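Enquirer: Pasting a structure here, questions to come.
There are 2 protein chains.
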Amino acid sequence: MNEMNGAESLVATLAASGVELCFANPGTSEMHFVAALDRIPGVRCVLALFEGVATGAADGYWRMAGKPAATLLHLGPGLGNGWANLHNARKARSGIVNVVGDHATDHVRFESPLKSDLAGIAQSISHWVRRSQRAAEVGADGAAAVLAAHDGAVGRIATLVLPADTAWSAGGRADRAAAPAPAAGAPAATVEAAARTLASLRERSVLLIGAGGAADERAQRLAAAIAAKTGCRLLAEFYNARMPGGRGRPGIERLPYAVDPSVQKLEGAEALVLAGSVEPIGFFAYPGKPTQLKPPGAALMTLARPQDDVPRALEALAAALDVRVERDLVLHTPERVAAPSGALTPESVAMAIAATLPEQAIVIDEAVTTGRGFGRLMAAAAPHDWLQGMGGAIGYGLPCAVGAAIGAPGRPVLALEGDGSAMYTLQALWTMARESLPVVAVIFANRAYRILQGELKGVGAQVSGPKATDMLTLDRPALDWVALAQGHGVPAVRVDDAGELTRALQRGFASRMPCLIEVLL
Amino acid sequence: MNEMNGAESLVATLAASGVELCFANPGTSEMHFVAALDRIPGVRCVLALFEGVATGAADGYWRMAGKPAATLLHLGPGLGNGWANLHNARKARSGIVNVVGDHATDHVRFESPLKSDLAGIAQSISHWVRRSQRAAEVGADGAAAVLAAHDGAVGRIATLVLPADTAWSAGGRADRAAAPAPAAGAPAATVEAAARTLASLRERSVLLIGAGGAADERAQRLAAAIAAKTGCRLLAEFYNARMPGGRGRPGIERLPYAVDPSVQKLEGAEALVLAGSVEPIGFFAYPGKPTQLKPPGAALMTLARPQDDVPRALEALAAALDVRVERDLVLHTPERVAAPSGALTPESVAMAIAATLPEQAIVIDEAVTTGRGFGRLMAAAAPHDWLQGMGGAIGYGLPCAVGAAIGAPGRPVLALEGDGSAMYTLQALWTMARESLPVVAVIFANRAYRILQGELKGVGAQVSGPKATDMLTLDRPALDWVALAQGHGVPAVRVDDAGELTRALQRGFASRMPCLIEVLL
Chain L
37 MNEMNGAESL
47 VATLAASGVE
57 LCFANPGTSE
67 MHFVAALDRI
77 PGVRCVLALF
87 EGVATGAADG
97 YWRMAGKPAA
107 TLLHLGPGLG
117 NGWANLHNAR
127 KARSGIVNVV
137 GDHATDHVRF
147 ESPLKSDLAG
157 IAQSISHWVR
167 RSQRAAEVGA
177 DGAAAVLAAH
187 DGAVGRIATL
197 VLPADTAWSA
207 GGRADRAAAP
217 APAAGAPAAT
227 VEAAARTLAS
237 LRERSVLLIG
247 AGGAADERAQ
257 RLAAAIAAKT
267 GCRLLAEFYN
277 ARMPGGRGRP
287 GIERLPYAVD
297 PSVQKLEGAE
307 ALVLAGSVEP
317 IGFFAYPGKP
327 TQLKPPGAAL
337 MTLARPQDDV
347 PRALEALAAA
357 LDVRVERDLV
367 LHTPERVAAP
377 SGALTPESVA
387 MAIAATLPEQ
397 AIVIDEAVTT
407 GRGFGRLMAA
417 AAPHDWLQGM
427 GGAIGYGLPC
437 AVGAAIGAPG
447 RPVLALEGDG
457 SAMYTLQALW
467 TMARESLPVV
477 AVIFANRAYR
487 ILQGELKGVG
497 AQVSGPKATD
507 MLTLDRPALD
517 WVALAQGHGV
527 PAVRVDDAGE
537 LTRALQRGFA
547 SRMPCLIEVL
557 L
Chain G
37 MNEMNGAESL
47 VATLAASGVE
57 LCFANPGTSE
67 MHFVAALDRI
77 PGVRCVLALF
87 EGVATGAADG
97 YWRMAGKPAA
107 TLLHLGPGLG
117 NGWANLHNAR
127 KARSGIVNVV
137 GDHATDHVRF
147 ESPLKSDLAG
157 IAQSISHWVR
167 RSQRAAEVGA
177 DGAAAVLAAH
187 DGAVGRIATL
197 VLPADTAWSA
207 GGRADRAAAP
217 APAAGAPAAT
227 VEAAARTLAS
237 LRERSVLLIG
247 AGGAADERAQ
257 RLAAAIAAKT
267 GCRLLAEFYN
277 ARMPGGRGRP
287 GIERLPYAVD
297 PSVQKLEGAE
307 ALVLAGSVEP
317 IGFFAYPGKP
327 TQLKPPGAAL
337 MTLARPQDDV
347 PRALEALAAA
357 LDVRVERDLV
367 LHTPERVAAP
377 SGALTPESVA
387 MAIAATLPEQ
397 AIVIDEAVTT
407 GRGFGRLMAA
417 AAPHDWLQGM
427 GGAIGYGLPC
437 AVGAAIGAPG
447 RPVLALEGDG
457 SAMYTLQALW
467 TMARESLPVV
477 AVIFANRAYR
487 ILQGELKGVG
497 AQVSGPKATD
507 MLTLDRPALD
517 WVALAQGHGV
527 PAVRVDDAGE
537 LTRALQRGFA
547 SRMPCLIEVL
557 L
């Protein structure tokens, strides 16, 4: 082809490096990148109406596709709007390549309206930041960004700042990212020590899985077999970027969200063996409650870090303990759940979901308070993947559903949303409609920041009047989620009993198109 | 009263320092601040469903009330969601006191889900950042934050990070912010030099007003009288945080957005006298076009910086030139505009607005492409204030309308919005409904990022196919703004001719309640 400009060399580099998706909300400084999409094949661009949708979608895409997507963002404010979901992605250890346009090199010296501390905000959220200096270097910079979005088995946030003149100038040279270094297994001595610990302490030890230890079905089965053979306790971290569940899976229990039950769950443990997990820490601090959840004095042994090859480490651990999955793993297959009827309760909602969930569904869990009781019944649902918000920044769910649906084409997606959470990034509904994604979004409309009503007590704050109460309730006016969905081009229905919910879920999954169900609680 | 905790001392300090409003989107770490609102009088808290609404509202509040509001935000992600509108506020030179909750001091050492580089992101957007260390210091820190939100006649972004334990611990001591230093006038020698320049160069000089030079009606009249007497050109900056306009005002022309007409407007000028303004710079850079808009070699003379007392400086300049407003200012009062009918065109839309705008309305201009032609006809409208987005980050308009309505109680507000822009922070509609604010929101639904279709050509990018086109169009699916408004509790109507628009505006202003008008273009 003819000589490329910098933007074209970047698109060519991303395509050659396996980055096939770009979630975009572009502006003037990104116009050459946009124009390059038609001249250079290999990158599909998906438009978002708000940058938090683009970054959250890139998170969901990594979790399902296992490779980074790019985002295309407009200067400092674009990165600002994407920051919260980049935070969530960072905590999920998702790999993302942010391409952030900036003013041309000569222009950025002056105080124009969109001039901001772009370097500062990029540094505050990224593992890796680079600013391209010349069109001829954009390709190599892009290749370095893709490599930087990998860290062994997990991903990182890489941000490439692309001044407009480096995009529009001629002399672009396409490059290709080097293959990332393979994830490490566990050293033999570490495996031996972990094996001795579990075998000798038995129920006084905990095998705590996270990252690839929870996300990989083989790793889950290995961990469950090790627990069955040794008698150690087996737990997953309380939030997981991706966790296979449902019938035929081991159904590994998670650490609870609240501090007291977590401490209780770990009580009496003398050692925690970490397989892709990190030390369990309370989500928030509360007056008089511990931050570290393990018993004081309990040992922490790292079998494998999140970025390591956790399934391989667990395989080595199983071998050292003479564990054989086929022999030692006993799966308890729960009865299928019958479709419920009658009033909407946490139990009947969970039953409706468990009864209707299609095979290989991807469930995005941002149900917050409403969703805490779902775990037990979901073990009886069809095999599925369960994705959780990892960084505590609400508004991850609907965008993550967009990215997950695109990252795992053909698989149905169920997004479980609190009404307060869903409002942060409701613009994701429009991208679902635009891309005809098979996402069923369920909004639990309790018309309150219900979690905060609990947290207020948890931190010991005394509510003495209407002003504080007013900050935690969303019923004045009530949000109409059917109208909000239709406004974004997504058909919607409101349900107020469990039978209606069941039928709405069935219809939604059967349509293989986006729809929204408002559940009045 | 009983001994206060840190949060209570902060609320008491804000109230004592004149900060009466708090735009809030709180989380667990802010619960003690929320609880304190009922125990300590003097601060009104307004809830937003997204932090960008809170920060944009604080911007609009400062512009109308002339004093800072507080925002209440939840850790790094809350500040991230508010970043873009803090950027806009910073460029508008609005004063804001951000209160950002953080994990307790003992907790923040650990890698919990919401742990982030809060210091980094706070630094990237704030003029002033402090992290409270102990409950006993929170009051003094709050007082310092309020003082830091002032810089002479303009405001700054002050961010106070409040670890949860400094909020909940006893020992709080209320404080009160010191009075900010008064804004400086212009030194006599500077005034003399500016007077000589304008008097001698006449039409080869430009008096460029900005900040308080544009926002203050007296300053506008002084500037217009100076131009009438000396023959100098008079221009306002192309974006202004607040600019009185309409009948009985001088109707000062603004520099155009586009580079070529701006350069043309300044052609032949040998000196620019800056009265609250700064050197005019292009919004973006374009290949082959200048960044600095003034003629090469033209002198820049600063009569008054934005933070100075610009009206006083213009008064001194008028005195040095023997200008008397009563004698030298001739106002051309344009004919009133008749209500239009027929097709919706930029002209008929502007006529409908000019014909129906109530006295003392506040107009929030985020109409982007649609709104560029409104200027001329608005000179014939009733006297009003015109507020523009200052930082180029779209999504400022609806939140700014919330804050402006609260900052100037009783005044009607008209928000002019592009459909692309309004989608960034549409959650502001809910706060309008909740607070019964008299805001008429007009959405210009061209179903495209129309500005980008122009910018694409402006930067010389070659569009060769459907992928680029797809990134700039919003019609698949079409957004239904009537449904979106109703979903947020705001009544709405769709219009497709100028007569309907006129009647909808009349009904909306008469209702003195929020409503939305979708204008199909």
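Protein sequence lines, in the order shown, are assigned to chains L and G.
Take 37 as the starting number for the first sequence in this note's numbering and just add one per residue.
Take 37 as the starting number for the second sequence in this note's numbering and just add one per residue.
Ideal placement from N, C-alpha and C gives every residue a C-beta, glycine not left out.
It should be emphasised that the depicted structure is a prediction, and the values quoted were computed from it without experimental measurement.
1) Does any CB atom of chain G fall closer than 8 Å to the CB of V314 of chain L?
2) By alpha-carbon positions, which one of G:W98, G:G88 and G:S65 ends up nearest to G443 of chain G?
3) If you measure between the beta carbons of I398 of chain L and R447 of chain L, is that distance less than 8 Å?
4) Consult DSSP for L450 of chain L and reduce its assignment to one of helix, strand or coil.
5) Under 8 Å: do the region 375-395 of chain L and the region 534-547 of chain L share three or more Cβ pairs, one atom per stretch?
6) Going residue by residue through the region 61-88 of chain G, where are the continuous alpha helix (DSSP H) segments of at least 4 residues, counting only ones entirely within it?
7) Which residues in chain L sit within 9 Å of Q463 of chain G, going by Cβ to Cβ distance?
8) DSSP on A441 of chain G, reduced to helix/strand/coil?
9) Between the alpha carbons of D371 of chain G and D252 of chain G, how many angstroms are there, rounded?
10) Excluding the 5 residues preceding and the 5 following L380 of chain L in the sequence, name in chain order all residues of the same chain whose CB lies nearer than 8 Å to its CB.
11) Of the residues that make up the region 321-338 of chain G, which ones have a beta carbon closer than 8 Å to any beta carbon in chain L?
12) Measuring only between beta-carbons, confirm whether H68 of chain G sits less than 8 Å from chain L.
13) Whole angstroms are fine: how far does the CA of A355 of chain G sit from the CA of A263 of chain G?
14) Using a Cβ-Cβ distance cut-off of 8 Å, determine whether M37 of chain G contacts chain L.
15) Can you pull out the residues from the region 145-175 of chain L whose beta carbon lies closer than 9 Å to at least one beta carbon of chain G?
16) Is A222 of chain L buried or exposed, if buried means 16 or more other CB atoms sit within 10 Å of its CB?
17) Residues of chain L with a CB under 7 Å from the CB of R530 of chain G: which are they?
18) What does the Cβ neighbour count give for A477 of chain G, buried or exposed, with the cut at 16 atoms within 10 Å?
19) Mind listing which residues of the region 418-431 of chain G have their C-beta closer than 7 Å to chain L's C-betas, in chain order?
20) Should V79 of chain L and L73 of chain L be called a contact, given that it needs their Cβ atoms to be closer than 8 Å?
21) Output needed for G287 of chain G: all residues of its chain with C-beta closer than 6 Å, excluding positions within five of it in sequence on either side, in chain order.
22) Is the CB-CB distance between G96 of chain G and G439 of chain G below 8 Å?
23) Chain G beta carbons: is any one of them nearer than 8 Å to that of K301 of chain L?
24) Give, in chain order, every unbroken run of the beta strand (DSSP E) that is at least 3 residues long and sits entirely within the region 303-370 of chain L.
25) Out of L:A84, L:W204, L:L367 and L:G156, state which residue places its alpha-carbon closest to the alpha-carbon of A140 of chain L.
26) Does the beta carbon of S472 of chain L sit closer than 8 Å to a beta carbon anywhere in chain G?
27) What runs of the alpha helix (DSSP H), each 4 residues or longer, lie entirely inside the region 190-265 of chain G?
28) Flag Y97 of chain G as yes if its beta-carbon sits less than 8 Å from any beta-carbon of chain L, otherwise no.
29) Could you give the distance in angstroms between the alpha-carbon of G246 of chain L and the alpha-carbon of G312 of chain L?
30) Quick one: using the 10 Å Cβ neighbour count with 16 as the cut-off for buried, is M37 of chain G buried or exposed?
31) Would you mind sorting V366 of chain L into buried or exposed? The rule is 16 or more other CB atoms within 10 Å of its CB.
32) Within 10 angstroms of the Cβ of S547 of chain G, are there 16 or more other Cβ atoms? Answer buried if so, exposed if not.
33) Distance check for L473 of chain L and A52 of chain L, CA to CA, integer angstroms please.
34) For P550 of chain G, does the three-state DSSP call read helix, strand or coil?
35) Listed from N- to C-terminal order along the chain, which residues in the region 179-207 of chain G have their beta-carbon within a distance smaller than 8 Å of any beta-carbon of chain L?
36) Helix, strand or coil for D511 of chain L, going by three-state DSSP, please let me know.
Expert: According to the structure data:
1) yes
2) G:W98
3) yes
4) strand
5) yes
6) 67-75
7) M459, Y460 and L462
8) helix
9) The sequence given here places Glu at residue 371 of chain G; Asp does not occur at that position. Distance between the alpha carbons of E371 of chain G and D252 of chain G is about 24 Å.
10) V531, D532, D533, A534, L537, V555, L556 and L557
11) A321, P323, T327 and Q328
12) yes
13) 13 Å
14) Confidence is the limiting factor: at M37 of chain G the pLDDT is only 49, short of 50, which leaves the residue's position unreliable, though a coordinate-based value still follows. False, the Cβ-Cβ gap to chain L never drops below 8 Å.
15) R145, F146, E147, S148, P149, L150, K151, S152, D153, L154, A155, G156, I157, A158, Q159, S160 and I161
16) buried
17) Chain L residues near R530 of chain G: none, gap ~12 Å exceeds 7 Å.
18) buried
19) M426, G427, G428 and A429
20) yes
21) A415
22) yes
23) no
24) 307-311 and 335-340
25) L:W204
26) no
27) 200-204, 224-237 and 248-251
28) no
29) 5 Å
30) Its pLDDT being 49, under 50, M37 of chain G is placed unreliably by the model, and nothing is read from it.
31) exposed
32) exposed
33) 26 Å
34) coil
35) A200, D201 and W204
36) coil
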